[in-house]
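Novice: The structure's right below; bear with me while I get my questions together.
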Amino acid sequence: MQSEALHASAPACVATDVIRVVGARENNLRNVSVDIPKKRITVFTGVSGSGKSSLVFDTIAAESQRQLNDTFSTFVRHRLPHHAQPNADSLENLCAAIVVDQRRLGGNARSTVGTATDILALIRLLFSRVGQPFVGYSNIFSFNHPDGMCPRCEGLGKVDTVAVDRLFDRQRSLNEGAIRFSAFAVGGYRWKRYVNSGLFDNDKPLKDYSDEEWQTLLHAQDVPVTNPGPGWPPTSRYEGVLPRIRRNFLNRNVDEIKGLDRTEWDRLVTAGPCPQCHGARLNEKVLSCRIDGRNIADWCALEVDELLAVVTQVGAPLAATMVPALASRLQHLVDIGLGYLNLGRGTNSLSGGESQRVKMVRYLGSSLSDMSYIFDEPSVGLHPRDVARLTGLLRHLRDKGNTVLVVEHDPDIIVAADHVIDMGPGAGDAGGRVVFEGSVAALRLADTPTGRCLARPVSVNAAPRTPSGWLPIEHANLHNLKDVSVSIPKGVMTVVTGVAGSGKSSLINGAFVRTYPEVVCIDQGAIGGSRRSNIATYTGIMDPIRWLFARANTASASLFSANSGGACPVCKGLGTTETDLAFMEPIVSICERCRGRRFTDEVLTYRMRGKNIGEILAMRVAEAKAFFDEPEIGPALERLDEVGLAYLSLGQPLSSLSGGERQRLKLATELGQSGRIYVFDEPTSGLHLSDIDRLFRLLDRLIERDATVVVIEHQLDMIARADWLIDMGPEAGRRGGRVMFAGTVTAMLATGSGDTAAHLRRYAGSAVAP
């Protein structure tokens with residue numbers, strides 16, 4: 001391990017001036033012992049899977065929060081998140097930890113940026129004191145309060161409606177399946193409520209129904225049935241299709257309805273603004289209360305930087321203390337690069353990076369000190385301009401006497417560190433060690449993957465590939481786009497950049513994909529499947545593996561599925577059992593029956609080439625490549641290795657993968673294709689600089705197969721190596737939505753204007769003036 005003392009300007013550390021970790025063994029950590037200086041910014045680097053998160057989040061943060069929670073009564077602890085004690089010999093001198101991770105804020109349809117930051121609570125108070133006419137106290141200005149919400153949409157601002165033309169095939173009769181919704185399938189109990197009602201000719205096409213019959217089928221409610229068919233419940237009354245769907249489905253959380261096909265549901269149901277409140281969420285009485293001509297819904301619809309200007313103009317004496325507090329919180333949102341959001345924006349629509357920055361807002365005005373703030377790649381989703389703002393905020397937290405721990409890959413964040421701890425040298429079993437600790441200057445000289453990447457010369461694409469054609473986008477006006485017309489070159493790599501909120505996603509994920517529906521989008525979103533889904537099942541190699549075992553042992557292939565006949569009867573094929581301990585952390589333990597192997601003892605006696613099915617699933621991809629040479633298995637493993645996932649095991653649950661790992665897994669399934677159009681949404685997120693080199697090689701492979709690659713990205717290596725650049729801006733939100741530049745990298749260096757061009761010149765060391 002290479003090591004260096006802290007900066008000379010920093011005071012010498014004594015025992016209590018460091019967070020001391022001794023013998024950490026969580027996940028892939030190999031008895032890691034390290035001292036982390038307090039009241040400094042320490043950045044943890046290393047390739048993906050090297051153990052950074054295991055050390056910072058699963059060890060330091062988990063133990064700090066566990067010990068803090070233990071100071072509360074059992075009544076309180078029962079309502080707090082539970083944290084297991086990490087696997088380590090000792091952790092000393094911990095600070096109370098505030099973890100700001102990338103987990104999306106999520107929440108239900110009532111959770112907004114305003115509610116998540118508590119800014120809306122201040123606005124409600126301000127309207128209740130200053131707004132005219134007076135309509136009530138602050139609670140009435142909440143769209144979650146019965147007295148304040150719109151009665152039509154109940155405070156949601158939108159209503160779901162069934163698309164009748166998609167629900168019915170009017171060329172068919174009821175007996176022929178005219179209701180095109182599987183919940184009303186022919187022979188089902190809901191279908192029988194119509195064919196057995198005696199109200200319709202069941203063989204008559206719906207197009208021949210009279211107006212009265214059509215209205216009865218769709219809308220009638222609580223109708224007595226006088227001439228029912230066989231099987232009609234004697235006490236039942238007739239209910240039309242739409243009221244029944246509203247009662248059974250629209251008024252419930254459809255995600256919790258067993259057996260409902262969500263894709264089918266999304267085809268049948270459309271969401272639109274509430275016709276009564278027009279999306280304002282509140283009733284007419286509340287909306288009549290105004291400050292300087294605007295009601296509270298108008299305030300929530302303004303972008304944050306607009307709202308900040310409005311708030312500072314409120315001069316009523318009663319607002320003297322509220323306005324500065326409100327303006328301060330709004331300014332924090334602007335400072336952190338979120339001035340383009342509005343307070344009415346649903347938190348479930350925020351990206352992981354946006355969610356993390358929204359969480360940061362509540363801490364920026366805090367006067368607490370001697371805390372530890374722990375960040376998980378806070379640069380994700382940020383333009384280089386905003387990364388500079390972020391480093392200023394991290395220094396602000398440090399200068400108030402706090403310890404700042406950051407897991408990060410971005411070079412601009414790394415160089416802002418007072419101290420660096422580099423994990424590695426590789427991923428998975430090849431990682432889990434501290435390979436360097438010291439200053440950034442010393443890291444550049446270190447023989448580690450991070451050190452070598454920081455020290456290497458920059459690479460600028462001076463010889464871009466020639467497009468084979470063009471894919472035009474005409475007059476796009478989606479979201480903040482302002483009549484944008486631009487063309488995407490075919491057969492090359494186009495990078496679309498611009499500050500957060502400038503219109504990149506609206507242009508590519510919106511307008512471009514709508515114009516060219518054949519586009520394959522590879523993002524970092526969750527991969528569908530249950531908690532039993534794993535690498536082997538997702539890549540399609542699990543079935544061939546089961547067949548190999550079945551042939552080798554003259555047994556049924558279903559025996560070798562942890563979801564079927566071969567599953568351990570105690571843990572049901574999960575390999576673990578969970579014991580709920582009320583206010584304490586649930587104990588997740590290895591299943592005593594199968595000892596974590598997921599299968600019955602009988603199944604584990606069957607072998608194929610000397611290994612049982614449990615041992616196969618425990619194999620790393622790299623090991624499995626050497627074990628399998630079958631054409632149904634080998635190529636898939638090769639592609640996983642190519643995208644940098646060789647350290648994962650075949651049985652690794654999909655739910656345990658990071659966003660970057662999910663994106664690379666999706667990419668692995670596409671590498672065998674040719675001639676397609678691909679859109680990648682920030683593919684460098686979560687990637688080490690050395691992994692970005694691997695990503696370039698993969699994208700080159702796609703282009704060699706006649707693919708067109710479009711990348712939405714902020715990372716300067718990716719921007720500098722593009723064949724074609726499209727820069728959106730100039731700013732975010734209403735001040736964005738325009739194409740600022742379209743051309744080659746060298747052309748942007750020579751003539752480009754705006755933030756992207758400025759940072760690209762800084763990166764390239766170019767002295768060319770704009």
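Under the UniProt record's numbering, the letters of the sequence shown match residues 1 to 770, in that order.
Note that the Cβ used here is the ideal one computed from N, Cα and C, for glycine as well.
It should be emphasised that the depicted structure is a prediction, and the values quoted were computed from it without experimental measurement.
Measure the C-alpha to C-alpha separation of residue 583 and residue 75 and round it to an integer number of angstroms.
Specialist: In this prediction, residue 583 scores a pLDDT of 47, lower than 50, which makes its location untrustworthy; no coordinate-derived value is stated.
Novice: Residue range of the alpha helix (DSSP H) that residue 291 falls in?
Specialist: Residue 291 -> no alpha helix (DSSP H), and no H or E assigned at all.
Novice: Near residue 563, which residues of its chain fall below 8 Å by C-beta distance, leaving aside the five closest residues on each side in sequence?
Specialist: Hits under 8 Å: 532, 573.
Novice: Can you give me the start and stop residues for the alpha helix (DSSP H) that residue 391 sits inside?
Specialist: 384-399 is the extent of the alpha helix (DSSP H) around residue 391.
Novice: Can you give the Cα-Cα distance for residue 331 and residue 402, rounded to whole angstroms?
Specialist: Near 22 Å, if we compare the C-alpha coordinates of residue 402 and residue 331.
Novice: For residue 326, which residues from the same chain have a beta carbon less than 6 Å from its beta carbon, with the 5 sequence-adjacent residues on both sides left out?
Specialist: 122, 311.
Novice: Only counting runs of 4 or more residues, tell me where the alpha helix (DSSP H) segments fall wholly within the segment 445-514, in order along the chain.
Specialist: With a minimum length of 4 residues, the continuous alpha helix (DSSP H) runs that stay inside the segment 445-514 are 449-455.
Novice: According to DSSP, which residues form a beta bridge with residue 251?
Specialist: DSSP lists no partner for residue 251.
Novice: Distance, Cα to Cα, residue 64 vs residue 653?
Specialist: So the two alpha carbons sit approximately 27 Å from each other.
Novice: Where does residue 303 sit, in a helix, a strand or coil, going by DSSP?
Specialist: If DSSP states are grouped into helix, strand and coil, residue 303 belongs with the strands.
Novice: What are the boundary residues of the alpha helix (DSSP H) that includes residue 121?
Specialist: Unbroken alpha helix (DSSP H) run through residue 121: 119-130.
Novice: Between residue 103 and residue 66, what straight-line distance do the alpha-carbon atoms span, to the nearest angstrom?
Specialist: One C-alpha to the other measures close to 19 Å.
Novice: Please state if the CB of residue 380 and the CB of residue 690 are separated by a distance shorter than 7 Å.
Specialist: No, Cβ-Cβ distance for residue 690 and residue 380 is not below 7 Å.
Novice: Quick check on the burial criterion: 16 or more other C-beta atoms within 10 angstroms. Buried or exposed for residue 203?
Specialist: Exposed is the call here.
Novice: Per DSSP, what are the beta-bridge partners of residue 342 in this structure?
Specialist: Answer is 303.
Novice: Identify whether residue 762 lies in helix, strand or coil by the three-state DSSP scheme.
Specialist: Note: residue 762 maps to helix in three-state DSSP.
Novice: Near residue 472, which residues of its chain fall below 6 Å by C-beta distance, leaving aside the five closest residues on each side in sequence?
Specialist: Hits under 6 Å: 487.
Novice: Looking at C-alpha atoms only, which residue of 754, 191, 459, 151 is the closest neighbour of residue 717?
Specialist: Nearest of 754, 191, 459, 151 to residue 717, Cα basis: 459.
Novice: Buried or exposed for residue 231, please, with buried defined as at least 16 other CB atoms from any protein chain shown within 10 angstroms of its CB.
Specialist: When all chains shown are included, residue 231 counts as exposed.
Novice: For residue 20 and residue 105, what's the separation of their Cα atoms in angstroms?
Specialist: Going by the C-alpha atoms only, they are around 32 Å apart.
Novice: Reducing DSSP to helix, strand and coil, say where residue 374 ends up.
Specialist: In the structure shown, residue 374 sits in a strand (DSSP, three-state: E or B).
Novice: What residue from 159, 42, 308, 592 has the CA that sits closest to residue 274's CA?
Specialist: Checked all of 159, 42, 308, 592; the closest Cα to residue 274 is 159.
Novice: Do residue 407 and residue 39 have their CB atoms nearer than 7 Å?
Specialist: Cβ distance not < 7 Å, so residue 407 and residue 39 don't count as in contact.
Novice: So if DSSP puts residue 560 in a beta bridge, which residue, or which two residues, is it bridged to?
Specialist: DSSP, once it has assigned bridges, lists no residue as partnering residue 560.
Novice: Tell me which same chain residues have a C-beta within less than 7 Å of the C-beta of residue 778, skipping the five on either side of it?
Specialist: The shown model of the chain, from 1 to 770, leaves out residue 778, and the question about it has no answer.
Novice: Could you check the C-alpha separation between residue 607 and residue 714 for me, to the nearest Å?
Specialist: Residue 607 and residue 714: Cα-Cα distance of roughly 49 Å.
Novice: Taking only the alpha-carbon atoms, compute the straight-line gap between residue 288 and residue 132 and give it to the nearest angstrom.
Specialist: Cα to Cα, residue 288 sits roughly 8 Å from residue 132.
Novice: Bridge partners for residue 433 per DSSP, in chain order?
Specialist: Bridge partners of residue 433: 424.
Novice: Compute the Euclidean distance between the alpha carbons of residue 418 and residue 328, then round it to the nearest angstrom.
Specialist: One C-alpha to the other measures close to 28 Å.
Novice: When you compare the segment 371-388 with the segment 23-35, are there three or more beta-carbon pairs, one atom per stretch, that lie closer than 8 Å?
Specialist: Taking 8 Å as the limit for Cβ pairs, the verdict is that the segment 23-35 does not touch the segment 371-388.
Novice: Does the beta-carbon distance from residue 400 to residue 369 come in below 7 Å?
Specialist: It is a contact, given that the beta carbons lie within the stated cut-off.
Novice: Identify which residue in 257, 264, 196 has its Cα closest to the Cα of residue 237.
Specialist: Measuring from the Cα of residue 237, the nearest candidate turns out to be 196.
Novice: Going by alpha carbons, who is nearest to residue 213 out of 183, 382, 173?
Specialist: Residue 213 has its Cα closest to that of 173, out of 183, 382, 173.
Novice: Pair every Cβ in the segment 734-746 with every Cβ in the segment 464-484, then say whether three or more of these pairs are closer than 8 Å.
Specialist: They touch, by the three-pair rule.
Novice: Who are the Cβ neighbours of residue 301 in its own chain at under 7 Å, not counting the five residues just before and after it?
Specialist: Answer for residue 301: 342, 344, listed in chain order.
Novice: Would DSSP call residue 633 helix, strand or coil?
Specialist: Reduced to three states, the DSSP call for residue 633 is coil.
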